[in-house]
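Working notes, beginning with the structure itself.
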Amino acid sequence: MVTGPDLSAEDARERYVESVLTVVEQVPPGRVTSYGAIAGVVGSGPRRVGNVLARHGAPVPWWRVVRADGSLPPSHEENARPHYLDEGTPLRSTGAVDMPAAFWDPETRE
DNA sequence: TTGGTGACGGTAT
DNA sequence: TATACCGCCACCA
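For the first sequence, position 105 matches number 105 in full-length UniProt numbering, and the numbering has no gaps at all.
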């Protein structure tokens, strides 16, 4: 078989990206979820999720997606803080998100 | 084609 | 409690 472009695989990748962005959009204001939680829903590893947001995360509320410990890379943390204050997201004195209070599980939607 | 990299996560020290 | 290291896996140069 001639090695043509695998369009099905490319389409699968596109649907995967769309799935991730859809989950992010479903996170309620004032709540956050983690890369790992999204990974569990879309069926992939957490680094994949971060990679997707890095490339296609601009149009979605990316600040509602944080690391498992509730923190974000310093630069993004600066951009996210205003959103947290505006949405009333529970924060800790460290500047990270108060995970036990703010975590939203995309699988149980609570 | 091969190798390096990363918006992470968990475990070990 | 903080730091280091490894595992994972697709994307980019």
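Every residue gets a Cβ at the ideal spot worked out from N, C-alpha and C, and that includes glycine.
Source: prediction; values computed, not measured.
Thinking C-beta only, is residue j closer than 8 Å to residue i?
i: Asp-105; j: Ala-37; result: yes
i: Val-66; j: Val-24; result: no
i: His-56; j: Val-27; result: no
Around the Cβ of residue i, are there at least 16 other Cβ atoms within 10 angstroms (buried) or fewer (exposed)?
i: Ala-12; result: exposed
i: Ser-75; result: exposed
i: Gly-70; result: buried
Helix, strand or coil for residue i per DSSP?
i: Val-27; result: coil
i: Val-60; result: coil
Let's see if you can read the secondary structure: which residues bound the alpha helix (DSSP H) around residue i?
i: Gly-36; result: 35-42
Where are the alpha helix (DSSP H) runs, 4 residues long or more, that stay fully inside the UniProt region "Disordered" (73-110), in chain order?
The UniProt region "Disordered" (73-110) contains these whole alpha helix (DSSP H) runs: 74-87 and 99-102.
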